[in-house]
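In terms of the UniProt record's numbering, the sequence shown opens at residue 1 and continues consecutively. Cβ atoms here follow ideal geometry from the backbone N, Cα and C, with glycine treated the same way.
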Amino acid sequence: MLESNNSPVHTQITLSPKYQNEEGRIICSPSSVFEGTVNIVATQSIPVRRIKLVFKATERVNYHILGWEAPKDDQARLFAVRTILWGFPNDAQVLPKDYPILEQGQHQFPFICQMPVVNFPPDFENHLIAQTFHLYVVVETLQGTILSEPTPLSFRPMIETKLSAKIEHSQLTQNIHAQVSVAHLEHDVSEPLTIPMQVKFSATGSLSQLDVCLKKTTRLDYRTFSNTETVTVAHYSQSKLNPSNSFLIQMPRGLMPTLDFSRHFRVEYRLVATVKVRHGLIHIKRKLLDVPIVLGTLPLGVKASRQLENYSNLVENVSDVLCKPLFLKQEFEEECLPVYDDSLPPIYPYTPYV
Numbered sequence: 001m002l003e004s005n006n007s008p009v010h011t012q013i014t015l016s017p018k019y020q021n022e023e024g025r026i027i028c029s030p031s032s033v034f035e036g037t038v039n040i041v042a043t044q045s046i047p048v049r050r051i052k053l054v055f056k057a058t059e060r061v062n063y064h065i066l067g068w069e070a071p072k073d074d075q076a077r078l079f080a081v082r083t084i085l086w087g088f089p090n091d092a093q094v095l096p097k098d099y100p101i102l103e104q105g106q107h108q109f110p111f112i113c114q115m116p117v118v119n120f121p122p123d124f125e126n127h128l129i130a131q132t133f134h135l136y137v138v139v140e141t142l143q144g145t146i147l148s149e150p151t152p153l154s155f156r157p158m159i160e161t162k163l164s165a166k167i168e169h170s171q172l173t174q175n176i177h178a179q180v181s182v183a184h185l186e187h188d189v190s191e192p193l194t195i196p197m198q199v200k201f202s203a204t205g206s207l208s209q210l211d212v213c214l215k216k217t218t219r220l221d222y223r224t225f226s227n228t229e230t231v232t233v234a235h236y237s238q239s240k241l242n243p244s245n246s247f248l249i250q251m252p253r254g255l256m257p258t259l260d261f262s263r264h265f266r267v268e269y270r271l272v273a274t275v276k277v278r279h280g281l282i283h284i285k286r287k288l289l290d291v292p293i294v295l296g297t298l299p300l301g302v303k304a305s306r307q308l309e310n311y312s313n314l315v316e317n318v319s320d321v322l323c324k325p326l327f328l329k330q331e332f333e334e335e336c337l338p339v340y341d342d343s344l345p346p347i348y349p350y351t352p353y354v
């Protein structure tokens, strides 16, 4: 049952602020570590078999939108791991009368979690699919199991961005030649997103209306269902054309990175440029450029770990412990002075005074 105001225990997961982004959400990525504390307030002393912290990620298709019933073999889980914060381990056979007593008052349980070197799909949700990462607390009591409200996390995969440019030539008419130059085809989504471009024409008398669009295509493939949607996320238009035209394509913040390692979902971007060419009394739209744009998550030229694996390559081995997050054991060591011995005084490092 979900935790309520009448529950004998109240839980709160507090995550260290040093792992939070500007919006206050925890950002985790392949091989990263995050830590926090589970705070529990017991309104009365009660027998509790154990308290668990669960970290779960899912990639769930919206079957209702598809008009389907959820299949019994739905494999929505990306991973699910847990750690025992208090009480008996999972395999312990314990009678209810032997449950330990969680005393009335406040209790704190710190934890540390390390992500595997795996590119999971980033957290995302639309009307067709939801990719989520959640932490929640499970308290097993004599009266039943109490589940806390889930605490959401954000996952940012490691996607490289390389220095790459593009120059495209087009013969629009017998006498008009066009050249389109794109300074960067790959961009880090955490940086201001602008695409410098230049379009040159050998003549402009019969040309009009230059349009440049950045298009985002999302594709969902699930069993026999397939859906593709394309939207324009950035647009530039220029009606009066010069022999040389330089401009910037301004992309909105918060764009999802390029995604090709989900089991069911893909995200791609393309940059398309067109110009209208007059032929007699009619204007015909001619394509000048149509190239893929990569939106990554790493700064330009930074390499990802050689050990990095994409989740789509590990679907058959998702039970492997190396494919899952790991809760780390915390060790607390107290620093102390060496034991004093009259016959052999301790040696302390000498630091000269300057």
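{"Item": "For the beta strand (DSSP E) holding K276, just list the boundary residues, first then last.", "Value": "265-279"}
{"Item": "Taking DSSP as the reference, what is the three-state secondary structure of L241?", "Value": "coil"}
{"Item": "Please report the Cβ distance between A57 and T132, rounded to the nearest whole angstrom; I am assuming they are in contact, meaning their Cβ atoms lie under 8 Å.", "Value": "7 Å"}
{"Item": "Within a Cβ cutoff of 7 Å, which residues of the same chain sit near M158, ignoring the five residues on either side of it in sequence?", "Value": "S29, P30, N119, T297, L298, A304, L308"}
{"Item": "Please confirm whether L259 and T274 have their CB atoms less than 9 Å apart.", "Value": "no"}
{"Item": "Taking C-alpha atoms, which residue in T43, M251, T37 lies nearest to N6?", "Value": "T43"}
{"Item": "Buried or exposed: T11, going by 16 or more other Cβ atoms within 10 Å of its Cβ?", "Value": "buried"}
{"Item": "If you check the beta carbons only, do D188 and T228 fall under 9 Å apart?", "Value": "no"}
{"Item": "DSSP puts E35 in a beta bridge; with which residues?", "Value": "I112"}
{"Item": "Distance, Cα to Cα, V294 vs S226?", "Value": "23 Å"}
{"Item": "Nearest to P196 by alpha carbon, out of R49, E35, D98, I249?", "Value": "I249"}
{"Item": "State the beta-bridge partners of N227 as determined by DSSP.", "Value": "L220"}
{"Item": "Anyone know if the C-beta pair for L185 and A178 falls short of 9 Å?", "Value": "no"}
{"Item": "Here's the rule I'm using: 16 or more other beta-carbon atoms within 10 Å means buried, otherwise exposed. How should K52 be labelled?", "Value": "buried"}
{"Item": "Since L214 and Y269 are thought to touch, with beta carbons under 8 Å apart, how far apart are those beta carbons, to the nearest angstrom?", "Value": "6 Å"}
{"Item": "Less than 9 Å between the C-beta atoms of R156 and I13, yes or no?", "Value": "no"}
{"Item": "Got a sec? Which residues, its chain only, sit under 7 Å from D243 by beta carbon, not counting five neighbours each side?", "Value": "Note that residue 243 is Pro in the sequence shown here, rather than Asp. These residues qualify, in order along the chain: K200, F201, T204."}
{"Item": "Looking at V48 and P100, is the spacing between their C-beta atoms short of 9 Å?", "Value": "yes"}
{"Item": "Tell me the residue span of the beta strand (DSSP E) that contains H169.", "Value": "166-171"}
{"Item": "In terms of DSSP beta bridges, what is R286 paired with?", "Value": "V275"}
{"Item": "How many Å lie between K276 and L241 at the Cα?", "Value": "11 Å"}
{"Item": "What three-state label does DSSP hand K97 in the structure shown?", "Value": "helix"}
{"Item": "Locate the beta strand (DSSP E) running through S154, then write down its first and last residues.", "Value": "151-155"}
{"Item": "Confirm, please, whether the CB-CB distance from V138 to R82 is below 9 Å.", "Value": "yes"}
{"Item": "Looking only at its own chain, which residues have a Cβ that is under 6 Å from the Cβ of A151, when we skip the five neighbours before and after it?", "Value": "For the record, residue 151 in the displayed sequence is Thr; it is not Ala. Correct list, in chain order: I13, L135."}
{"Item": "Within the same chain, show all residues whose beta-carbon is closer than 8 Å to that of V291, passing over the 5 residues directly before and after it, in chain order.", "Value": "K166, E168, V182, L185, R270, L271"}
{"Item": "Would K18 be called buried (16 or more neighbouring beta carbons within 10 Å of its own) or exposed?", "Value": "exposed"}
{"Item": "List the endpoints of the continuous beta strand (DSSP E) containing T258.", "Value": "Run containing T258: none; DSSP gives neither H nor E here."}
{"Item": "I need the DSSP call for S235, collapsed to helix, strand or coil.", "Value": "Before going further, note that residue 235 is His rather than Ser in the sequence given. Correct three-state label for H235: strand."}
{"Item": "Measure the beta-carbon distance from L147 to E3 and round it to whole angstroms, keeping in mind my assumption that it falls under 8 Å.", "Value": "6 Å"}
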